[in-house]
Amino acid sequence: MKLTVVGCSGSFAGADSPASCYLVRAEHEGRTWNLVVDLGNGALGALQRHLDLDAIDAIVLSHLHPDHCLDLCGLFVVQKFNPARGGIPARRIPVYGPADTAARMSRANGVTLPESQNPRGLDPEFDFRRMVSGVPFTLGPFTVRPGRVNHPVEAFGMRIEADGTALCYTGDTDSCPALGVLMRDTDLVLVDSAFQEGRDRATGIHLSGRRAAQAAVDAGGVRRLMLTHIPPWNDVQVSVDEAKAVWPGEVEVAAAGMTYEI
Numbered sequence: 001m002k003l004t005v006v007g008c009s010g011s012f013a014g015a016d017s018p019a020s021c022y023l024v025r026a027e028h029e030g031r032t033w034n035l036v037v038d039l040g041n042g043a044l045g046a047l048q049r050h051l052d053l054d055a056i057d058a059i060v061l062s063h064l065h066p067d068h069c070l071d072l073c074g075l076f077v078v079q080k081f082n083p084a085r086g087g088i089p090a091r092r093i094p095v096y097g098p099a100d101t102a103a104r105m106s107r108a109n110g111v112t113l114p115e116s117q118n119p120r121g122l123d124p125e126f127d128f129r130r131m132v133s134g135v136p137f138t139l140g141p142f143t144v145r146p147g148r149v150n151h152p153v154e155a156f157g158m159r160i161e162a163d164g165t166a167l168c169y170t171g172d173t174d175s176c177p178a179l180g181v182l183m184r185d186t187d188l189v190l191v192d193s194a195f196q197e198g199r200d201r202a203t204g205i206h207l208s209g210r211r212a213a214q215a216a217v218d219a220g221g222v223r224r225l226m227l228t229h230i231p232p233w234n235d236v237q238v239s240v241d242e243a244k245a246v247w248p249g250e251v252e253v254a255a256a257g258m259t260y261e262i
C-alpha cells in the first residue's frame, strides 16, 4: 500500500499545498486501485499530477468542511462534461461520507444546472454512500473502518487496511476514545496537528502535536507517526517539538507531492 499526499494544508490551501487530499494505492486483481481520501479546495489540480481522474475507484470524505470536500464540485464537471468521452457518460464514482453528503455537495455546486434539468443534483455522476461509525466497507484490496471522531460536525477518522498493512487517517479531531481503536497496531498514523499547546484553547476541534503523539502512544503498536493538517500560519517545528516530547521515535511531517510506502 502506498500513500501520496496530494494536499495537507490545514483549514485552507497554502502557498505550498492544497487543502486535505490523500491518494491511497494498492495492487489487486492485476491492476492498481486508487482510493482518494478527502478532496479539499485546491486538491483537484494537484491530484491530476498523480493519476488520470478516470482512474479514481472511490472517494472517502472524512467530513463536509470545505477544506476536505469542496473540489468534488470540480470533479463533477469532469464527470459530466469531459468531451474526451465523446458523449459517453462517465462511470459513477462511489463517494462515501457523512449523512447528507449528496445534498450538501449538490448545494455547494449551486447553479450548474437548474433543478428542473438536474433534479438529482450530483447523483448521476457520483454514487453517494453514507459512512457509519464502526461499520467497515470494502473496495477492491481496501477495507475501510470508519470511526466517529471529536469535531464540531459529523466527522470520521478511518483505518484503511490492504496488503497486510494498516494506515490510520484521523481526519479533523480533538482527543477522543475512537482514536485508540483506529490507531492501534497501525503501520502509519496520519494525524491532525492543527493546534498548538498554549495558543489554541478551543476544545473539540483539532489535536496539537503533543495530543496527536499522546493518542498514538496510548493506542499502542503504532509504528510511524506523521503530522498533517498544519495551517500555513503555524510554525511546523513547534508542532514537531510538541510531538517529540511524547513520541519515542521519529516524528514525520506530511509533505505535498510526496509518496510514502506503508
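The opening residue of the sequence shown carries number 1 in full-length UniProt numbering; numbering runs sequentially from there. Don't be surprised by glycine CBs; every beta carbon is placed ideally from N, CA and C.
Straight-line gap, residue i to residue j (C-alpha atoms, nearest Å)
i, j, result
"Val-132", "Pro-141", "20 angstroms"
"Phe-195", "Leu-207", "6 angstroms"
"Asp-200", "Arg-159", "27 angstroms"
"Gly-180", "Pro-136", "17 angstroms"
"Asp-123", "Phe-12", "27 angstroms"
"Asp-163", "Arg-145", "15 angstroms"
"Ala-19", "Leu-53", "18 angstroms"
"Gln-214", "Pro-66", "28 angstroms"
"Thr-228", "Val-251", "11 angstroms"
"Arg-92", "Asp-57", "10 angstroms"
"Val-189", "Tyr-169", "6 angstroms"
"Val-236", "Cys-8", "12 angstroms"
"Asp-187", "Arg-224", "6 angstroms"
"Leu-44", "Glu-242", "32 angstroms"
"residue 265", "Gly-40", "Because the chain in this structure spans residues 1 to 262, residue 265 falls outside the shown range and cannot be described."
"Ile-230", "Cys-21", "13 angstroms"
"Ala-90", "Leu-23", "20 angstroms"
"Ala-55", "Ala-256", "20 angstroms"
"Glu-125", "Trp-233", "36 angstroms"
"Ala-108", "Val-78", "16 angstroms"
"Leu-75", "Asp-100", "18 angstroms"
"Val-240", "Ala-219", "19 angstroms"
Reduced DSSP category for residue i - H, G, I as helix; E, B as strand; rest coil
i, result
"Asn-82", "coil"
"Arg-148", "strand"
"Phe-156", "strand"
"Met-258", "coil"
"Arg-210", "helix"
"Asp-192", "strand"
"His-28", "strand"
"Cys-73", "helix"
"Pro-98", "coil"
"Asn-234", "coil"
"Glu-242", "helix"
"Asn-41", "coil"
"Leu-182", "helix"
Option nearest residue i by Cα separation, candidates the options
i, options, result
"Val-5", "Val-246, Met-226 and Ser-193", "Met-226"
"Thr-143", "Glu-125, Ala-166, Pro-152 and Ala-155", "Ala-166"
"Met-258", "Arg-211, Ala-15, Trp-33 and Arg-49", "Arg-49"
"Asn-150", "Gly-204, Pro-94 and Val-222", "Gly-204"
"Glu-154", "Ala-202, Glu-197, Arg-211 and Pro-98", "Pro-98"
"Val-217", "Arg-130, Val-246, Ile-88 and Asp-127", "Val-246"
"Ser-17", "Leu-51, Gly-121 and Gly-42", "Gly-42"
"Leu-61", "Met-1, Ala-102 and Lys-2", "Ala-102"
"Gly-221", "Gly-249, Asn-234 and Ile-230", "Gly-249"
"Gly-198", "Leu-139, Val-238, Ala-219 and Met-1", "Val-238"
"Lys-244", "Ala-255, Arg-211, Ala-219 and Ala-256", "Arg-211"
"Leu-72", "Arg-85, Ala-84 and Val-95", "Val-95"
"His-68", "Arg-104, Ala-84, His-28 and Asp-127", "Arg-104"
"Leu-51", "Gly-147, Ser-193, Arg-25 and Gly-30", "Arg-25"
"Arg-148", "Ile-88, Ser-193, Leu-70 and Cys-176", "Cys-176"
"Pro-152", "Ala-202, Glu-161 and Phe-128", "Ala-202"
Buried or exposed by the 16-neighbour rule on C-beta atoms within 10 Å, applied to residue i
i, result
"Asp-172", "buried"
"Gly-10", "buried"
"Trp-33", "buried"
"Gly-14", "buried"
"Asn-82", "exposed"
"Val-37", "buried"
"Gly-134", "exposed"
"Asp-185", "exposed"
"Ala-254", "buried"
"Ile-59", "buried"
"Gly-30", "exposed"
CB contact below 8 angstroms: residue i versus chain B
i, result
"Arg-129", "Checking the listed chains, one finds no chain B in this structure; it contains a single protein chain."
Integer-rounded CB distance, given that residue j should sit under 8 angstroms from residue i
i, j, result
"Glu-261", "Lys-2", "6 angstroms"
"Gly-157", "Ala-178", "6 angstroms"
"Leu-35", "Leu-139", "6 angstroms"
"Gly-121", "Ser-106", "3 angstroms"
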